[in-house]
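Comments concern the structure below.
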Amino acid sequence: MIAFEFLEPGSLKEAIALIDPDDPEVRPIAGGTALMLMMKAGVFRPRRLVSLRKLGDAFTRIAAAPAGELTIGAMAPLSALEHSPAVARVAPVIIRTMRRLSNVRVRNVATVGGALAHADPHMDLPPVLIALGATIAVVGPAGERTIAVEDLFTGYYETALAKNELITQLRIPAQDEVRAVYFKITSGSADDWPSLGVAVALHTEGATTKSARIVVSAATAKATRLKAAEAALTDVGADDKTLKKMADTAVDEADIIADLRGSASYKRELLRVYVARAVRLAMQTNGVPH
Amino acid sequence: MNFVGEITVVAPREAVFKALSDAPFFASCIEGVRDLKAIDATHYDAVLETRIAYMRFNFKVAVQMSRVTPPEEIEAKVEGTPMGMVGRLTATATTRLFDADGGTVIRYSIDATLTGKLGSMGQPVLKAKAREMEKQFSARLAAAFAGEQPGTPP
Amino acid sequence: MTTATVSGGQIGRSLPRLEGRDKVTGRAEYTHLMQLPGMLHAKIFRSTVAHGRIKSIDTAAARKVPGVYAVYTSDDVRKVIPDPYYGPAFHDQPILAIGKVHFVGEPVAVVLASDPHVADQAAQQIVAEYEELPAVFDEVEAAENKTLVHDELKPAGTFADLKHLKGRKGTNIALDFRLRRGDVDKAFAAAAHVFEHTFRTQKVLHLPLEPHASIADYRDNGITIYSSAQGPSFVRTEIARLLSWPENRVRIKVPYLGGGYGGKLYIKLEALATAMSMLARRPVKIAHTMEEHFYTITKHPSTFRIKSGLDKDGRIIARKCEVWWNGGAYADVGPRVTQKSGFTASGPYDIDNVSIDSYALYTNLTPAGALRGFGVPQLVWAYESHTDMIARALKRDPLEFRKQNLLRDGRPQATGTILKDTAIEKVLDRIAERLNWKQPFDRGKGVVRRGRGFAVAFKAVISPTTSVAIVNVAADGSATLYCGTVDMGQGSDTAMAQMVGEVLNMPAKSVRIVPRDTDVTPYDMGTLGSRSLFHMGHAVRLAAEEARAKIGDLRRELGEPEGSNAPLADLFRKKYGMQAGNIVGTGIYKPDYIPPDANGLTTNATPFWMVAGSGVEIEVDTETGHVRITRLINVADVGKPINPKIVETQLSGASLMQLGFSMFEKMHIDGGQVTNASLADYKIPGIHDVPPVMENEVVDTYQSNGPFGAKGVGELATFGVSPAIANAIDDAVGVRLTELPLTAEAVFRALRAKDNKPLGDA
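Here is the structure:
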């Protein structure tokens with residue numbers, strides 16, 4: 000192998016300084032579960048990798064504020080979320096999502112920040128986080144800024160991050176009374192990449208949906224909020240007719256692409272069915288599967 | 000991989016045909032094409048540089064205008080090799096022009112095969128990339144006929 | 000032949016696997032992990048066209064990469080091996096492509112370096128130019144011989160029935176097996192009902208978690224090859240042939256295998272490693288990546304047109320089978336798959352008039368070989384779907400319809416061989432009982448509908464084949480077994496040790512199994528087709544029995560009273576004056592076999608029949624087409640199980656493997672390129688795919704000519720899974736799928752088509 004540098008800075012500032020924004024062969028590496036695949040396939044050959052593993056405990060901490068806001072260090076492995084009582088209390092939908100998110104080996108190594116920065120539209124966590132209204136703290140040479148997760152993705156593997164910006168923290172706002180559901184629908188094995196991901200988060204009053212956040216992933220080039228479908232579910236009684244209209248709106252709105260995991264026409268039908276099911280499940284059971 | 004699509008431009012069919020059969024103009028509508036060299040009247044060599052996130056791929060491509068029927072149809076055959084990686088890109092692109100209200104409809108169909116390392120992985124991302132390139136191509140073409148940059152019709 | 004059971008008490012025990020602890024603690028030896036001093040690593044540069052003439056290969060840039068030792072093409076290979084073609088049925092596969100390439104992924108050049116990563120990156124710098132030729136990918140299209148894969152056929156001469164194909168030109172057909180029994184045309188003309196359907200299977204692959212690996216260490220006086228091979232004896236013979244050497248200069252060593260399933264049979268990387276070591280004069284290791292599985296060997300895709308004629312009482316009086324096997328660019332063992340599976344293409348039914356045509360075809364795809372069933376799962380998929388469709392069309396109960404037509408012991412099978420020791424009806428009955436088939440079944444009313452289905456099948460073992468074993472009793476009374484059966488996870492070492500222990504009356508776990516090494520372990524045809532327990536089992540039994548007889552002789556010679564059980568060590572000491580000497584028993588087993596005549600008929604097609612079936616209960620989501628298997632039942636006739644626990648894991652493992660092939664596994668191919676050639680995009684079943692209820696049962700039988708009443712098991716539970724699921728889908732929602740895999744989208748499209756609302760493609 001053509002040798003490359005592997006650096007393990009001990010501070011965020013140092014890490015940012017080591018990333019040359021003009022050199023695409025310099026990349027940060029967190030858990031590495033995605034980047035290593037790219038390297039193994041030979042489509043990415045680094046000159047330098049900047050490991051974020053030694054940045055300190057602050058970057059793996061998970062904490063819930065008394066008001067309910069959840070802050071998660073970007074370097075926390077996915078399994079830490081999976082087993083966190085704070086996450087279970089504030090956003091149990093994340094725990095449920097983890098069950099079929101890749102496999103336990105990957106979850107033990109892959110990080111929250113990496114799962115966001117990689118921007119593969121098939122990933123399970125991003126649509127859930129968008130539905131929950133999560134934001135990320137991002138630090139670059141010019142300091143910190145906040146980006147809503149829904150604004151992070153600009154395309155397949157593409158994000159709004161500058162090359163030398165690093166995600167430092169994930170923030171999930173208090174989820175009072177939110178009913179959230181994520182469906183991962185696969186066409187291959189249960190642990191395959193999904194052919195469709197659907198996340199919904201609802202505020203309800205009785206049988207009325209006050210507001211909704213609806214996100215489609217995997218079948219689209221990036222995890223995307225379906226705002227027209229959300230509008231169709233704002234301040235309405237969630238009866239079958241309303242749900243059907245909402246689902247049709249979602250299908251019209253989503254830019255679905257065909258791949259090995261299904262034709263676009265089939266995935267549109269999947270979306271039509273599952274977006275309504277997700278809302279129904281959220282209404283009935285607060286997202287806990289039957 | 001198959002791609003079909005339609006672009007409508009506000010220009011007469013003959014003008015559109017002339018533009019599309021002009022290799023430098025055509026190439027200017029595709030993002031990442033550089034070093035275009037005419038070998039003869041129907042053969043061209045070029046380099047296609049494309050980027051997917053932080054990954055960059057360069058293809059050496061040879062283009063042959065295999066069928067040119069003014070002002071109706073252009074068929075081009077493309078063969079390419081990614082540089083520094085085992086692989087091969089072959090494509091046949093067929094473009095048909097139709098008169099439409101106040102302009103011309105361009106219907107295209109691309110049948111592409113990618114073999115080797117890139118062909119064995121990442122079909123979804125390649126399809127997404129191809130769609131993005133398609134959209135850019137349409138936009139540039141439309142812009143060119145609207146008299147805007149970057150491509151200027153001859 | 001009947002084998003009396005002696006009092007060893009080792010047979011029928013669920014002994015833990017002898018190598019289990021070494022495997023789970025990471026101490027077991029695999030070729031992939033081996034290193035030799037001075038070893039070079041090879042990486043392969045592969046074809047990017049499906050069919051083409053090689054115009055040039057530019058290796059200059061690769062040679063310049065620091066750390067590269069050499070770059071070789073077929074021009075170099077031919078300097079050391081002038082006729083570098085190999086294969087079990089045809090000598091058609093070149094070590095590296097010569098003149099032409101025949102599939103995307105075919106090895107064209109090799110880089111050697113002391114570091115595998117350097118070799119890999121250098122291989123990426125090689126550029127080949129090709130003149131593309133028309134390619135053919137579909138098996139039925141290939142049979143039209145319009146686009147030809149090879150200019151001329153080159154049968155190996157190993158099999159008498161392939162000789163007529165020598166030098167044949169203008170064809171893609173590598174074998175045409177033909178069986179004619181009775182008068183099919185007349186029977187169809189007289190039939191009250193005629194049904195014809197066509198079924199297809201997709202391209203899938205073995206995907207053992209240990210990819211292929213071979214290390215060749217060539218010296219002027221001999222070569223040693225370490226390899227992940229299922230058939231070390233075959234490898235030795237073939238390498239000796241390529242080198243024009245006597246076999247005793249070729250040594251093949253095989254440690255444990257991380258799975259094989261038929262993908263590591265015959266020559267895979269061994270010939271290439273040999274050529275590289277000859278050229279480099281250093282040990283050379285070639286270890287595939289997971290991705291390279293996809294360019295090495297696969298299962299046969301198939302098309303099966305099946306037609307049945309029934310009389311007015313519902314008896315099947317005629318069946319016509321036409322099967323096209325997509326063998327890829329090189330024959331591998333495809334002609335054998337075509338013929339041997341052809342024997343049973345008409346299914347386990349008693350039909351007087353049968354016509355079978357089975358064609359092995361060359362196409363421009365990765366070669367196909369045997370995969371856990373030697374073609375039988377593809378056939379069962381078709382005939383058990385077809386049988387169910389007939390029953391449904393005639394409004395007959397699928398169980399009763401099958402029982403009316405079932406083949407039973409004492410009756411001739413399609414080849415004319417009289418059936419013996421087959422528990423087909425028992426297997427069928429047990430599946431039906433477990434499914435409560437005669438009781439009403441709640442199919443549901445809402446979005447989720449329920450269904451159930453089953454299938455039953457049989458298979459003839461590959462014959463004739465030979466196994467040899469040696470049992471060596473040391474002077475302290477301990478026993479060592481030398482046998483060439485490769486333990487690739489199926490637990491054969493444990494089962495063989497149990498047989499030795501049974502005969503010599505000692506605990507099986509005290510029996511030492513010598514790792515496979517052709518310098519030491521005697522000939523065995525190969526670990527394939529569920530043959531080893533029967534064939535090698537007999538050889539092991541015979542070897543142990545000979546040792547036991549010699550021990551008896553020794554007792555008598557030493558004047559021990561009849562019935563004495565003086566310890567063996569005492570006997571040796573008495574005889575040789577100290578702890579010295581050996582008693583060696585050998586066993587050779589080759590069953591009788593009569594090759595089929597020109598009409599495919601023979602009175603002895605196989606030494607034993609394998610019988611198994613599966614039943615499933617499923618749920619179908621009618622809004623999405625998703626099928627959930629809620630219960631999977633496998634029932635098999637394995638004779639008497641030598642090790643019941645290992646038998647059960649073989650049944651569950653085989654059925655889950657077939658579940659993947661049934662539900663979602665598929666090599667997607669575009670222009671000859673496999674577009675999902677990695678475990679990221681080609682998925683095999685995981686723990687969440689295991690049905691919540693899984694039941695495995697062996698029926699109580701005894702194989703009268705088997706070692707200790709046993710017969711093979713490895714492939715059995717693959718047979719019935721696919722048609723059982725398709726039959727259950729039909730039962731649940733009334734749609735019939737005739738092509739694998741049974742994806743949710745396929746079910747959904749069929750449901751929409753049934754409702755006259757077909758789903759568009761875009």
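Protein chains in written order, with numbering that gives the first Met the number 0: chain A, 0 to 289; chain B, 0 to 153; chain C, 0 to 761. Cβ coordinates follow ideal geometry from the N, Cα and C atoms, glycine included.
In whole angstroms, what separates the C-alpha of Ala-85 of chain A from that of Val-197 of chain A?
So the two alpha carbons sit approximately 24 angstroms from each other.
Selected residue, minimal CA-CA separation from Val-79 of chain C, among C:Ile-512, C:Lys-682 and C:Met-277:
When each option's Cα is compared against that of Val-79 of chain C, the closest is C:Met-277.
Within 8 angstroms of chain B by C-beta, residues of the segment 55-85 of chain A in sequence order
Contact residues of the segment 55-85 of chain A toward chain B are absent (C-beta to C-beta distance below 8 angstroms).
For Ala-277 of chain A, which residues of its own chain have a beta-carbon under 6 angstroms away from its beta-carbon, when the five flanking residues on both sides are left out?
Once the five neighbours on either side are set aside, the close Cβ partners of Ala-277 of chain A are Val-180, Phe-182, Val-197 and Val-199.
Under the criterion of a Cβ to heavy atom distance below 6 angstroms, does Asn-102 of chain A qualify as lining the ligand GTP?
With respect to the ligand GTP, the structure offers nothing, as it holds no ligand at all.
When the Cα atoms are used, what is the spatial distance from Met-0 of chain C to Leu-532 of chain C?
Reliability fails at Met-0 of chain C, whose pLDDT of 37 lies under 50, so the model's placement of it is uncertain and no value is given.
Could you tell me whether the segment 165-173 of chain C touches the segment 134-145 of chain C, using the rule of 3 or more Cβ pairs below 8 angstroms?
Two segments are said to touch when three or more pairs of C-beta atoms, one from each, lie closer than 8 angstroms; by this definition the segment 165-173 of chain C touches the segment 134-145 of chain C.
Is the shortest distance between the beta-carbon of Gly-670 of chain C and the beta-carbons of chain A less than 7 angstroms?
False, the Cβ-Cβ gap to chain A never drops below 7 angstroms.
Range covered by the alpha helix (DSSP H) that runs through Ser-83 of chain A
Run containing Ser-83 of chain A: none; DSSP gives neither H nor E here.
According to the neighbour-count rule (16 or more other Cβ atoms, all chains shown, within 10 Å of its Cβ), is His-537 of chain C buried or exposed?
His-537 of chain C is buried by the Cβ-count criterion.
By DSSP, does Phe-5 of chain A sit in helix, in strand, or in coil?
Here DSSP, grouped into helix, strand and coil, assigns Phe-5 of chain A to strand.
Within 10 angstroms of its Cβ, does Thr-32 of chain A collect 16 or more other Cβ (buried), or is it exposed?
With 16 or more Cβ atoms within 10 Å of its Cβ, Thr-32 of chain A is classed as buried.
Counting only runs that start and end within the segment 456-512 of chain C, where is the alpha helix (DSSP H) found for 4 or more residues in a row?
Counting whole runs of 4 or more residues, the segment 456-512 of chain C contains the alpha helix (DSSP H) stretches 491-503.
Cα-Cα separation between Val-67 of chain C and Ala-121 of chain C, rounded to whole angstroms:
Roughly 7 angstroms separates the two Cα atoms.
Collapsed DSSP secondary structure at Asp-247 of chain A in the structure displayed:
The answer is helix: DSSP assigns Asp-247 of chain A an H, G or I state.
Does any C-beta atom of chain C lie closer than 7 angstroms to the C-beta of Ser-101 of chain A?
No, no contact with chain C.
Contacting residues, own chain, Cβ-Cβ under 7 angstroms from Pro-347 of chain C (five flanking each side not counted)
Around Pro-347 of chain C: Leu-405, Leu-406, Ile-423, Val-455, Ala-456 and Phe-457.
What does the Cβ neighbour count give for Thr-34 of chain C, buried or exposed, with the cut at 16 atoms within 10 Å?
A quick correction: the sequence has Gln, not Thr, at residue 34 of chain C. Exposed is the call here.
Pro-83 of chain C vs Ile-94 of chain C beta-carbon contact at 7 angstroms:
Contact: yes.
Quick one: is Asn-1 of chain B buried, meaning 16 or more other Cβ sit within 10 Å of its Cβ, or exposed?
Exposed, by the Cβ-count rule.
Listed in chain order, which residues of the segment 242-259 of chain A have Cβ atoms closer than 8 angstroms to some Cβ of chain B?
The residues in question are Ile-256, Ala-257, Asp-258 and Leu-259.
Between which two residues does the alpha helix (DSSP H) carrying Leu-34 of chain A extend?
Counting along the chain, Leu-34 of chain A sits inside the alpha helix (DSSP H) bounded by residues 34-40.
Check for me: the alpha helix (DSSP H) holding Glu-561 of chain C runs from which residue to which?
Counting along the chain, no alpha helix (DSSP H) covers Glu-561 of chain C, and no H or E run does either.
I'd like to know whether the C-beta of Ser-677 of chain C is nearer than 7 angstroms to at least one C-beta of chain B.
By the rule that beta-carbons nearer than 7 angstroms mark a contact, Ser-677 of chain C touches chain B.
Within 7 angstroms of any Cβ in chain C, is that where the Cβ of Arg-106 of chain B sits?
Chain C, which has no Cβ nearer than 7 angstroms to the Cβ of Arg-106 of chain B, makes this no.
For the structure I just gave you, are there three or more beta carbon pairs, one from the segment 218-231 of chain C and one from the segment 11-25 of chain C, closer than 8 angstroms?
The answer is no - the segment 11-25 of chain C does not touch the segment 218-231 of chain C, with fewer than three Cβ pairs under 8 angstroms.
Taking C-alpha atoms, which residue in C:Gly-450, C:Tyr-681 and C:Ala-604 lies nearest to Phe-440 of chain C?
Residue C:Gly-450 is the option with its Cα nearest to Phe-440 of chain C.
According to DSSP, residues forming a beta bridge with Lys-306 of chain C
DSSP lists C:Glu-195 and C:Lys-319 as the beta-bridge partner residues of Lys-306 of chain C.
Since Lys-40 of chain A meets chain B, which of its residues come closer than 7 angstroms, beta carbon to beta carbon?
Looking at the sequence provided, one finds Ala at residue 40 of chain A rather than Lys. Residues of chain B passing the Cβ test: Lys-116 and Met-120.
Cβ-based neighbour list, Pro-149 of chain B, same chain, cut-off 6 angstroms, excluding 5 preceding and 5 following
With a pLDDT of only 42 at Pro-149 of chain B, under the threshold of 50, the placement of this residue in the model should not be trusted; the figure read from the coordinates follows. Same-chain partners within the cutoff: there are none.
Between Ala-665 of chain C and Pro-722 of chain C, is the Cβ-Cβ spacing less than 7 angstroms?
Just to set this straight, residue 665 of chain C is Lys in the shown sequence, not Ala. Judged by beta-carbon spacing, Pro-722 of chain C lies beyond the 7 angstroms limit of Lys-665 of chain C, meaning their Cβ atoms are not closer than that value.
Whole angstroms is fine: what's the gap from Leu-17 of chain A's alpha carbon to Gly-86 of chain C's?
So the alpha carbons of these two residues sit roughly 54 angstroms apart.
Given Leu-715 of chain C, which residues of its chain have a CB within under 6 angstroms of its CB, disregarding the five upstream and five downstream residues?
Short of 6 angstroms from the beta carbon of Leu-715 of chain C, and not among the five residues preceding or following it, lie these beta carbons of its own chain, in chain order: Met-609, Ala-611 and Ala-635.
Spatial neighbours of Arg-267 of chain A within its chain, please: C-beta separation below 6 angstroms, excluding the five flanking residues on both sides.
Once the five neighbours on either side are set aside, the close Cβ partners of Arg-267 of chain A are Val-250 and Ile-255.
Three or more C-beta pairs under 8 angstroms: does that hold for the segment 353-360 of chain C against the segment 110-119 of chain C?
Contact between the segment 353-360 of chain C and the segment 110-119 of chain C is absent, because fewer than three Cβ pairs lie under 8 angstroms.
For Asp-75 of chain C, the three-state DSSP class (helix, strand or coil)
In the structure shown, Asp-75 of chain C sits in a helix (DSSP, three-state: H, G or I).
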